[in-house]
Structures are given as C-alpha cells and as structure tokens.
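Worksheet: the structure to be examined is printed underneath.
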Amino acid sequence: MKRYGVGFAIAGSFMAIAFLIIVNLLTASEHIWFIYPSIGLLLWPVGIYCMKNKYYKLFAVLCSLLVIIFLTLENYLNTPGYPWALYAVFPILCWPILMLLGKRAGNIIVSLVGSAIIIIYYLMLNIFLEPGYPWAIFPAFAVLWWPLTIYHLARKSYFQYSIHASLFISGFFILVNAVSSPNTIWAIYPIFAVLWWPLSMYYFVYKGRMER
C-alpha cells in the first residue's frame, strides 16, 4: 500500500474532482462550487508525495501556489471588480520563502529587508486600493516584530527588548489613536498595561541579577 500510496492518491483525487465537476454541472451549473473541495483533494497527493520523500520546501511551494490559484479564481469569479486576493498573496508566499531561507530567516539583514518589502507591498495596496484610511500601519506593526525580536535574541538582551518593545507598542497605539479617533485619548490605557512588562523585568529579573 505504501508503494502505491502516491499513485492511488493522484488517481483518487482526480477521479473525485471529475465526479464533483459532473455533479456541479448537472445540479447547479450557475454556481461553480466544485473548486472548493478540489483544493483539498489536490493537497492529498501533494502532501503524501512531499512528506514521503521529505520534500518539505517543495510542499510549502506547491501548497502556496494552490491556495493562491484558488483565491485568484474565487476573486475573479465572484468579485472581479476588486482584487482582494492581493491582500492574501504575500502572506501566503511568506511560508515557502521562509522555508527556502531556512536558518537565514534568523539573520537581522534578511529580517530588515523582508520587513521593508512587506511594508512597501501593503503600503502600495493601501495607496492604490484603499486610500481612505492608513490601514498599512497594522501589517507594518506586525512585521516589524521580526527584526526587533531577532536583534535582541541574538544579543540575549531581554530586558532591553522589553523596553524597546514597550516603546514600539506605545508608539503604535499613539499613532492609531491619532489617526482613528484624535478627539478621544484612549491610547494611555493599553500603554499603561504594556509598561508593566519592562517594570516587572527590571524588578524581578534584571535587578535581582545585579544584587547577586
């Protein structure tokens, strides 16, 4: 069974997809629904082949391509006037890219370049697709944790990390407050909670080590 596992999965998935296409065309040809289960069926032989041969990077690449193709078709068939699939394409591509980079993903230069590319990508989407609100600050905030964390982990500067991270989070909330609701100052509440992180690190970890 193991010997013919991949061939069986390929034959089984394509037979199932052909069956679903026939059922779709006979019962509800005005609505193309067979593509939804087809994605899962295609992942079956791909997963078996890659896991059996330990092609983990190839698995990441093929799965990402399948998901991107699926989202692009879904976008084109249902809402062709708005390319919403672009929002998901880059995060999906990050999976095979990080797999291909391997240990190099933990390099500070790679993290800075990768973060800059992601921020520019979403900034362009923000400008050309949704210029009404600067929502690109949210993915930028998320992705900048990558180089910040790598920098401090490499130096094992955990207390300094808590300080810089707290300042980063505080700056983010201040910016969101100023952009979203400038007439209501609410950013002080999450900032107050975040400040307990470096304070607790100082009194319970850093200061204790200095006293020893």
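For what it's worth, our numbering labels the leading residue of the sequence shown as 1401, then goes sequentially.
Beta carbons: idealized from backbone N, C-alpha and C, even for Gly.
*For A1488, which three-state DSSP category applies?*
helix
_Applying the 10 Å Cβ sphere with the 16-neighbour rule, what's the burial state of A1587?_
buried
_What does the alpha-carbon distance come out to for the pair V1461 and Y1533?_
33 Å
*asked:* Would M1601 and F1572 be called neighbours here (beta carbons separated by less than 9 Å)?
replied: no
*For Y1522, which residues from the same chain have a beta carbon less than 6 Å from its beta carbon, with the 5 sequence-adjacent residues on both sides left out?*
A1536, P1539
*asked:* Helix, strand or coil, according to DSSP, for G1532 in the structure here?
replied: coil
*Helix, strand or coil for Y1455 per DSSP?*
coil
*Starting from H1431, follow the alpha helix (DSSP H) in both directions and report where the run begins and ends.*
Note, H1431: premise wrong, no alpha helix (DSSP H); not H, not E.
*Residues of its chain near Y1561, where Cβ-Cβ distance is below 6 Å and the 5 sequence neighbours each way are ignored*: H1552
*Verify whether the separation of the beta carbon atoms of A1409 and W1444 is less than 9 Å.*
yes
*asked:* Taking the beta carbon of N1583 as the centre, do at least 16 other beta carbons fall within 10 Å, making it buried, or is it exposed?
replied: Exposed.
*Should L1599 go down as buried or exposed, given a rule of 16 or more other Cβ atoms within 10 Å for buried?*
exposed
*Within its chain, find whatever has a CB closer than 7 Å to the CB of S1566; leave out the 5 residues flanking it on each side and keep chain order.*
V1594, L1595, W1597, P1598
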